[in-house]
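Quick mapping for you: the protein sequence lines, in order, are chains A and B.
So the first sequence is numbered by this note's numbering: it starts at 1 and just counts up by one.
So the second sequence is numbered by this note's numbering: it starts at 1001 and just counts up by one.
Every residue, glycine too, gets a C-beta built ideally from N, C-alpha and C.
The structure displayed is predicted, hence computed values, not measured ones.
Protein chains: 2
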Amino acid sequence: MKTEVPYKIYLDESEIPTQWYNVRADMKNKPAPLLNPATLQPLTMDDLRPIFCEELNKQELDNDTPYFDIPEEIQKFYRMYRPSPLVRAYFLEKALGTPAKIFYKFEGNNTSGSHKLNSAIAQAYYAKQQGLKGVTTETGAGQWGTALSMACAYFGLDCQVYMVKCSYEQKPFRREVMRTYGARITPSPSMTTQVGRKILSEHPDTTGSLGCAISEAVESALSQEGYRYVLGSVLNQVLLHQTIIGLETKRALDKYGIKPDIIIGCAGGGSNLGGLISPFVGEMLRGENEYKIIAVEPASCPSFTRGKFAYDFCDTGMICPLAKMYTLGSQFIPSANHAGGLRFHGMSTILSQLYHDGLFEARSVEQTSIFEAATQFARVEGILPAPESSHAIRVAIDEALKCKETGEEKTIVFGLTGTGYFDLYAYEAFNNHTMSDIIPSDDTIAQALAKLPKVD
Amino acid sequence: MKTEVPYKIYLDESEIPTQWYNVRADMKNKPAPLLNPATLQPLTMDDLRPIFCEELNKQELDNDTPYFDIPEEIQKFYRMYRPSPLVRAYFLEKALGTPAKIFYKFEGNNTSGSHKLNSAIAQAYYAKQQGLKGVTTETGAGQWGTALSMACAYFGLDCQVYMVKCSYEQKPFRREVMRTYGARITPSPSMTTQVGRKILSEHPDTTGSLGCAISEAVESALSQEGYRYVLGSVLNQVLLHQTIIGLETKRALDKYGIKPDIIIGCAGGGSNLGGLISPFVGEMLRGENEYKIIAVEPASCPSFTRGKFAYDFCDTGMICPLAKMYTLGSQFIPSANHAGGLRFHGMSTILSQLYHDGLFEARSVEQTSIFEAATQFARVEGILPAPESSHAIRVAIDEALKCKETGEEKTIVFGLTGTGYFDLYAYEAFNNHTMSDIIPSDDTIAQALAKLPKVD
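Here it is, written out as structure tokens:
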């Protein structure tokens, strides 16, 4: 076992995990099944087949198989940008004057700028294997769309992205990265789908929404021969693919005999958090180890901390399946937070069940406090973090400062999901002191929760 | 010695070089000295002292010491983002169907997005050691300004950046990264300097130029107690710091017993090219080895391939020292090329002398052809390259395709200096087919060269 911990722990390429870990296999209380919105019955393979890829559906519904082999072609692609470094934040520790040891798993060193590529390449692979011509998806902030464009370019698949119109106009850079990778980008709502035409006829000036873009992407996949729809978060399959993050993290720590005390991740739909914590939660479920795990969400969209554990629609349009999850209600509209990737009313069903069963805790934080942490981190660690990732930085710093008070040498590991190169309007607002914190009132949340579907 | 070459060769942190290499020590024909523009006599320490930092001036004028120790504090900072990976371009090789083995040294995995940080941290360190309050500089495309902002944030130095006004307005993202690192950014020309006020009174609508920004930054340093001016390319000291690139590259290749046949780098002022090739050129100068080295420059600004080896001013304002270099004339105005970092009329004196002595060859390439190569590279290797870096990609691909014709298994190494996240207007122009190639006519170049100062 090695002793001196370098600034960056890189696994050898031969040490990259060759299997994904399915935490559901170790859960006594399995996540509740998705329900068909028409019948309110659990979704079956037959329900899923027209929309998603065959192999991905198997992964989605499999609550029992603990490990899935990562196909060789995906392992090869992973070598393009993996293993990602586990960084010892020596500079940050020194700046804070803390006895805590801080590590972060950095997933931003690829052109998509985030961990999203881990699942994008898997989903594109299975689409290609199935002989499909292409896939459709939606993107808001653009990280998922970029990741999928890269994955599709690699396999020569057509990639059709419905991009929320205001993002399409305000984030031309994201759009051009996707176009450079050969993707077709359509501002949503558009005239290319029935649902888009309907919305435009009713609201000709709308700048779009993620819910609407999802509806268009699904309709587009269903109406084209040889196409399926893919999604970048929330789903069980996505969490499965993202466990590469946690597995690499654990392997890197094990090389140096380090056991983390606290593990921290930001939570939007749950893909990064689930991927990071799954192997550690698995140990807890099997009674092998104990960890303190903290999910961090924006105060403007606090699903875990102020939501309800109930069946709800996954989209505002109420056409997608229902999931039992911590939700603020599908009609809840979060205020304009700069962490676009965390603006989702619900949460992964796996994480919701784990949280309900007390496997981890959750905290909500306000965005000015997030950007303070982001700026401090950037100046000492040299990486400009994404606003989403900075939620984890905020709580990692808070925990390290607690250690400073108590003198405890705790080991803190957090997920640094991505870079903020395409979020500089947000940094500009912070730099100019024009950023504000808008937190939903109890009434607002109660009203949204009152509209939950009656299922249970 | 290891045999199987991974996708990415990472040196251990303990293998990062601890000395920079000064190629001038091995040059029989030393680079000609810079001349004081007032006296036309070689610049002395006394001339340099008011403008640049003391230790950096020593490095600038030292043609004899072969190695300089890298101070410990700089070595520590290097661990924030170094060693940078030497990537085996397996995906690109396969896409090209070439028997050539292609490697690239990737310097873009840091927030400044380029190799510029290697010298920025060194210059900031020596400024801090000298007890200065701050430094001033200019930036055009913004990579140098970003790198210097990061370095100054680390040492708590004030950083004042004169940013060419059109970049300041068109590249708000670059500006905000620098502000996030605490730098003060002034659009140039400005009312804060005499030269700025003079230019503005004569040309109130000017959007600025690099030459003007240099003049303002120098004046600003001279007029403030405890400030010095720093520069990101061209100078001998900068090439010295950048040799960390070539030294790491050589060490990584040596670990696998690989000797490159062809080494390729893009050339603007010469900092990246000089840094990459110095250790290899040193072997050639000492008669130990032979390499084919290719400098790649834009067809719109072809200093090596169409310029003259002569004394010339380093700036359009003709107030800076004169350097003997390959130049198109200080009054040459390159057309609006998207590779802002390569739009310099002259070239490093070290590289100019080496080129004059036949140590390497040079090629010029047109920008649409550059973006074709960039897009192909991005799609298979997963990295969105900077336009500057893509000059090297273009020629690496061309050489690999020659190998495909001849069947030769040559080993090609090129420098991938940075990422293109802030160059997406250029990619947009390429994606929209609105990018054009403007090559200066023989007359244009002859007219600019006719205005060279009479020195020799």
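Check: Going by DSSP, what residues sit across from B:MET1163 in a beta bridge?
Finding: B:THR1139 and B:PRO1187
Looking only at DSSP bridge pairs, what is A:THR411 linked to?
A:LYS101
Practice prompt. For the alpha helix (DSSP H) holding A:THR444, just list the boundary residues, first then last.
Written response: 442-450
- Once you ignore the five residues that flank B:ALA1448 on each side, which residues in its own chain have a CB closer than 6 Å to its CB? LEU1328, GLY1329, GLN1331 and PHE1332
Query raised in the report: Could you check where the beta strand (DSSP E) with A:VAL87 kicks off and where it finishes?
Result: 86-88
Note to self: For A:TRP144 and B:GLN1224, I'd like the C-alpha separation in whole angstroms.
What the structure shows: 48 Å
>> Measuring CB atoms only, is the region 52-59 of chain A touching the region 335-348 of chain A, in the sense that at least three cross pairs come out at less than 8 Å?
In response: no
Give me whichever residues DSSP pairs with B:ALA1310 in a beta bridge. B:MET1325
Open item on the list: Give me the subset of the region 1162-1178 of chain B whose CB atoms are less than 9 Å from a CB atom of chain A, sorted by chain position.
Closed with: PRO1172, PHE1173, ARG1174, ARG1175, GLU1176 and VAL1177
Just to confirm, are B:TYR1229 and B:THR1136 a CB contact at a threshold of 8 Å?
yes
Exercise. Hey, B:VAL1413 and B:THR1249: beta-carbon distance below 8 Å or not?
Worked result: yes
Margin query: Tell me which residues of the region 1407-1431 of chain B have at least one Cβ-Cβ distance to chain A shorter than 7 Å, keeping chain order.
Written below: TYR1421, LEU1424, TYR1427, GLU1428 and ASN1431
Next on the checklist: Looking at the secondary structure, which residues open and close the beta strand (DSSP E) in which B:SER1364 lies?
Outcome noted: 1361-1365
* Asked: Any C-beta of chain A sitting closer than 8 Å to the C-beta of B:MET1347?
  -> no
Measuring alpha carbon to alpha carbon, tell me which residue in B:SER1084, B:ALA1089 and B:GLN1129 is nearest A:PHE77. B:ALA1089
Mind listing the chain B neighbours of A:ASN110? Cutoff is C-beta to C-beta under 9 Å, in chain order. GLY1382 and ILE1383
Counting contacts by CB-CB distance shorter than 8 Å, is A:PRO387 in contact with chain B? no
B:SER1114, DSSP secondary structure in three states: strand
B:VAL1365 burial status per 10 Å Cβ neighbour count (16 or more: buried): buried
Open item on the list: Using 8 Å as the cut-off, can you tell me whether the region 23-33 of chain A makes contact with the region 91-109 of chain A, which would need three or more C-beta pairs spanning the two stretches below that distance?
Closed with: no
#### Entry: B:LYS1402 versus A:TYR67: straight-line alpha-carbon distance, rounded
46 Å
If distances are taken between C-alpha atoms only, which option among A:PRO42, A:LEU86 and A:PRO6 comes closest to A:ILE16? A:LEU86
Worksheet entry | Segment limits, beta strand (DSSP E) that includes B:TYR1256 | First-last for B:TYR1256: undefined, no H or E at that position.
Shorter than 8 Å from the beta carbon of B:ARG1184 to some beta carbon of chain A? no
Is the beta carbon of B:THR1411 less than 8 Å from the beta carbon of B:LYS1259? yes
Next on the checklist: Quick check on the burial criterion: 16 or more other C-beta atoms within 10 angstroms. Buried or exposed for B:HIS1163?
Outcome noted: The amino acid occupying residue 1163 of chain B in the given sequence is Met; His does not appear at that position. By the neighbour-count rule (16 or more Cβ atoms within 10 Å), B:MET1163 is buried.
>> So the candidates are B:ARG1179, B:SER1215, B:GLY1156 and B:GLU1399; which of them puts its Cα closest to the Cα of B:MET1191?
In response: B:SER1215
Going by the beta-carbon positions, is the gap between B:ALA1267 and B:ALA1310 smaller than 8 Å? no
Under a three-way DSSP split, which group does B:GLY1225 fall into?
The question names Gly, yet the displayed sequence has Glu at residue 1225 of chain B. Coil.
Exercise. Pick helix, strand or coil for A:THR419, following the three-state DSSP scheme.
Key: strand
- Compute the Euclidean distance between the alpha carbons of B:GLU1060 and B:ASP1261, then round it to the nearest angstrom. 31 Å
| said: I want to see whether chain B comes within less than 8 Å of A:ARG79, judged by CB atoms only; does it? | reply: yes
> Less than 8 Å separating the beta-carbons of B:SER1114 and B:MET1150?
Replying inline: no
*asked:* Give me the subset of the region 1074-1105 of chain B whose CB atoms are less than 7 Å from a CB atom of chain A, sorted by chain position.
replied: ARG1079, MET1080, TYR1081 and PHE1091
Cβ-based neighbour list, B:PRO1387, same chain, cut-off 6 Å, excluding 5 preceding and 5 following:
HIS1338, ALA1339, ASP1423 and ALA1426
Cβ shell of A:VAL5 (< 7 Å), same chain only, five flanking positions each side left out:
ARG88 and TYR256
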